[in-house]
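Trainee: Let me begin by handing over the structure; questions about it come next.
In the numbering used here, the protein residues as written are 19 to 308.
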């Protein structure tokens, strides 16, 4: 069965983000920072936030983490300045849903520690500049579903302790090097427009890439899939590398298309593997591990 995604929500988001910003309430980033410092809840909808939101610069001593107890919920809004929540521990949920981030976003080393349904909710948001989540830790469900990363996004050495939801997400260059997924990883219907790096990740539970499109080179070298992984109906338009990877559960590549070279050199398939009705346009390299 082919999965088809409705464009209604994305069309709504684009219309919403295209609203005349003059009609929106303006909020100063400095006011948000002051409220966070005082432990107040942050709740805004359909506003424009002007200025840089830089927790590290305002509250942190060098090489130390700061605990934020505020509930943060910002929806349908535009953030005009840069965002830096690096090395923060969020005790409560963070919702930045259907937001447009105009400049760089940085959550380097950030811990989303809430045990509620979602510790981090970035659904349907748009990142115009680079987004850095290197070494971030998500203690429960995090969602970036149907978000758009217009430039590079980094999740290197990040740890997803709850379900990781990237269904329908659009990436440019994506870096998930050495990331760890302890629960389900859902990339169903996602699109990777340039190069994708999943070198040395670990998927401990079900991983789903059904119907995903990889328009650039893809590197899954030394990946570990502990449970079932699904790539059925996926498209790999350029070179794809699974060299030295290990599939401990079932691997499903049914009806996938490989546009250039596919490298499965010294790859281990320990359970049932399905390439039924797949198409290899370039070279398919299956060299077993001896």
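Glycine included, each C-beta is placed from N, C-alpha and C at the ideal position.
Check residue 48 in the structure and name its three-state DSSP category.
Mentor: Here residue 48 sits in helix by DSSP.
Trainee: Would you kindly work out how many angstroms separate the C-alpha atoms of residue 276 and residue 253, rounded to a whole number?
Mentor: Their Cα atoms are separated by approximately 6 Å.
Trainee: Would you kindly work out how many angstroms separate the C-alpha atoms of residue 167 and residue 104, rounded to a whole number?
Mentor: Rounded to the nearest angstrom, the two C-alpha atoms are 19 Å apart.
Trainee: I need the boundaries of the beta strand (DSSP E) containing residue 59, first residue and last residue.
Mentor: Residue 59 -> no beta strand (DSSP E), and no H or E assigned at all.
Trainee: Put residue 292 into one of helix, strand or coil per three-state DSSP.
Mentor: Residue 292 falls in the strand class under three-state DSSP.
Trainee: Taking C-beta to C-beta, are residue 98 and residue 62 nearer than 7 Å?
Mentor: Against a cut-off of 7 Å, the Cβ pair of residue 62 and residue 98 comes out as no contact.
Trainee: Closest by CA to residue 140, which one among 88, 274, 182?
Mentor: The residue with the shortest Cα to Cα distance from residue 140 is 182.
Trainee: Compare the C-alpha of residue 267 against each of 228, 233, 224 and name the closest.
Mentor: Among 228, 233, 224, the Cα nearest to that of residue 267 belongs to 224.
Trainee: Could you give the DSSP three-state label for residue 303: helix, strand or coil?
Mentor: Residue 303 falls in the strand class under three-state DSSP.
Trainee: Considering Cα atoms alone, identify which of 146, 145, 66, 137 is closest to residue 156.
Mentor: When only C-alpha atoms are compared, the closest one is 137.
Trainee: Closer than 6 Å by C-beta to residue 279: which residues in its own chain qualify, once you throw out the five before and the five after it? Chain order, please.
Mentor: Result list for residue 279: 257, 300, 301, in chain order.
Trainee: I'd like the list of long-range same chain contacts for residue 199, defined as Cβ closer than 8 Å, with 5 residues on each side in sequence excluded.
Mentor: If we look at residue 199 and ignore the five residues flanking it on each side, its Cβ neighbours are 178, 182, 219, 220, 221, 222, 223, 225.
Trainee: In whole angstroms, what is the alpha-carbon distance linking residue 288 and residue 68?
Mentor: Spanning the two alpha carbons is a distance of roughly 53 Å.
Trainee: Is residue 85 closer than 7 Å to residue 47 when the C-beta atoms are compared?
Mentor: No.
Trainee: Quick check on DSSP: helix, strand or coil for residue 146?
Mentor: If DSSP states are grouped into helix, strand and coil, residue 146 belongs with coil.
Trainee: Could you tell me if residue 281 is buried or exposed, where buried requires 16 or more neighbouring beta carbons within 10 angstroms of its beta carbon?
Mentor: Label assigned to residue 281: buried.
Trainee: Are the Cβ atoms of residue 145 and residue 123 separated by less than 7 Å?
Mentor: Taking 7 Å as the Cβ cut-off, residue 145 and residue 123 qualify as a contacting pair.
Trainee: Can you tell me whether residue 127 is buried or exposed, with buried defined as 16 or more other CB within 10 angstroms of its CB?
Mentor: Residue 127 is buried by the Cβ-count criterion.
Trainee: DSSP three-state call for residue 80: helix, strand or coil?
Mentor: Only weak support is given to the placement of residue 80: the predicted model assigns it a pLDDT of 48, under 50, and the question is left unresolved by the model.
Trainee: Enumerate in chain order the residues of its own chain whose CB-to-CB distance from residue 272 is below 8 Å, with the five nearest sequence positions on each side excluded.
Mentor: So the qualifying residues of the chain are 250, 251, 292, 293, 294, 295, 296.
Trainee: Identify, in the order they occur along the chain, each residue of the same chain with its Cβ nearer than 7 Å to the Cβ of residue 305, setting aside the five sequence neighbours on each side.
Mentor: If we look at residue 305 and ignore the five residues flanking it on each side, its Cβ neighbours are 283, 284.
Trainee: Using a Cβ-Cβ cut-off of 6 Å (strictly less than) and excluding sequence neighbours within five positions of residue 91, which residues of its own chain qualify?
Mentor: Once the five neighbours on either side are set aside, the close Cβ partners of residue 91 are 61, 113.
Trainee: Considering only residues of the same chain and omitting the five flanking positions on each side of residue 260, which have a CB-CB separation below 6 Å?
Mentor: Correct list, in chain order: 238, 282, 285.
Trainee: Leaving out the 5 sequence neighbours to the left and right, which residues in its chain are closer than 7 Å to residue 87 when beta-carbon positions are compared?
Mentor: Here the set comprises 57, 109, 110.
Trainee: Which of helix, strand or coil does DSSP assign to residue 102?
Mentor: Strand.
Trainee: Starting from the Cα of residue 83, find the closest Cα among 154, 303, 217, 53 and give me that residue.
Mentor: Considering only alpha carbons, the answer is 154.
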